[in-house]
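To convert, take the position in the sequence shown, counting from 1, and add 119; that gives our numbering. What follows is one structure encoded as structure tokens, with my remarks underneath.
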Amino acid sequence: MIDAWVHLLSLRCKLPGRSCLITITWTKTLMGQGLSVGIDDLADQCLRKVDIKPWLFSKRKGSKNLDVDSCTIQIYWDLANAKFGSGPEPLEGFYLALVFNQEMVLLLGDLKKEAYKKIEVDPVLHSNAICIARREHLFGKRFYGSKAQFCDKGQMHDVRIECDTVGLNDPCLVIRIDSKMVMQVKRLKWKFRGNHTIVVDGLPVEVFWDVHNWLFGNAMGNAVFMFQTCLSAEKLWGASHCTFDPSVLTWSCPQQISDSNSQGLVFSLVLYAWKHE
Numbered sequence: 120m121i122d123a124w125v126h127l128l129s130l131r132c133k134l135p136g137r138s139c140l141i142t143i144t145w146t147k148t149l150m151g152q153g154l155s156v157g158i159d160d161l162a163d164q165c166l167r168k169v170d171i172k173p174w175l176f177s178k179r180k181g182s183k184n185l186d187v188d189s190c191t192i193q194i195y196w197d198l199a200n201a202k203f204g205s206g207p208e209p210l211e212g213f214y215l216a217l218v219f220n221q222e223m224v225l226l227l228g229d230l231k232k233e234a235y236k237k238i239e240v241d242p243v244l245h246s247n248a249i250c251i252a253r254r255e256h257l258f259g260k261r262f263y264g265s266k267a268q269f270c271d272k273g274q275m276h277d278v279r280i281e282c283d284t285v286g287l288n289d290p291c292l293v294i295r296i297d298s299k300m301v302m303q304v305k306r307l308k309w310k311f312r313g314n315h316t317i318v319v320d321g322l323p324v325e326v327f328w329d330v331h332n333w334l335f336g337n338a339m340g341n342a343v344f345m346f347q348t349c350l351s352a353e354k355l356w357g358a359s360h361c362t363f364d365p366s367v368l369t370w371s372c373p374q375q376i377s378d379s380n381s382q383g384l385v386f387s388l389v390l391y392a393w394k395h396e
């Protein structure tokens, strides 16, 4: 069992003269909750990273400057009235903003009006960031839920995974989008790894699963699910031959996330599902 609950969000945005990846990581441990912001170039080289631990140091509102090459990026956050569920990521009552040259590069949270009142930015220039990946650790006995927006400016969907492997001779896997069953895997002991294409918002979404740990490994171990969208099924099949390495709890793909748009891949959601009693 891991000792940290992590939600990771990767976004692609444009700065003057370059595109970059912004990674937002929300964490929850026995020591408290934390937030980190990392900025990488498209060659996967870390340009700058800053850790914000508002719950440890009682600093739930503030700002920091990040020097990236010859640029200064300003980070603003207000988590004073943030409301949380069981996970590390706030549900409402917060904002997190990145500003460069009076332009709002990134704005997360529901307090957008409050952010624009607090931060001096050009109101005409809006965030150009596009979410290309999410990674989450989920905990449960049979049901595991998340939310995902599979295309830019699309609808937010509820994603639900159902799988009961305790005491069953023939367990099955069910995945629902907005309560509608979109796929079911029977004879799971023979099909503990695989992939299947579903359609969400008119786009094909390839679903990969690996539940080997649940069936044959540590009963308290994790399964991994990945939902990956694409512009066409042919592009998806040619661009995403992914493998899973249980020893490091990650999916490895030949193409970098930063190449996702050029390969036709738009968004990926990776869920690490842990069983607990």
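The C-beta atom is built at its ideal place from N, Cα and C for all residues, glycine as well.
Separation of Cys139 and Leu185 (C-alpha to C-alpha, rounded to the nearest whole angstrom) is 14 Å. Distances from the CA of Ile280 to each of Asp297, Lys272 and Lys310 were compared; the closest alpha carbon is that of Asp297.
Residue environment for Lys394: buried (at least 16 other C-beta atoms within 10 angstroms of its C-beta). Leu287 carries a coil assignment under DSSP once its states are collapsed to helix, strand and coil.
In the three-state reduction of the DSSP assignment, Trp309 falls in the coil class. Taken in chain order, the complete alpha helix (DSSP H) segments of 4 residues or longer contained in the segment 200-249 are 231-237. Counting the other Cβ atoms within 10 Å of the Cβ of Leu149 gives fewer than 16, which makes it exposed. Collapsing the DSSP output to three states places Leu198 in coil. In this structure, the CA atom of Phe327 is about 10 Å from the CA atom of Leu388. Under DSSP, His126 shares a beta bridge with Trp145 and Glu255. Ala252 is a Cβ neighbour of Ser129, given a cutoff of 7 Å. Ser138 is bridged by DSSP to Lys133. DSSP places Phe335 in the uninterrupted alpha helix (DSSP H) bounded by His331 to Phe335. Judged by DSSP in its simplified three-state form, Ser298 adopts coil rather than helix or strand.
In this chain, the beta strand (DSSP E) harbouring Gln268 covers Phe262 to Gln268.
Distance from the Cα of Leu215 is smallest, within the candidate group Lys266, Asp229 and Gln221, for Asp229.
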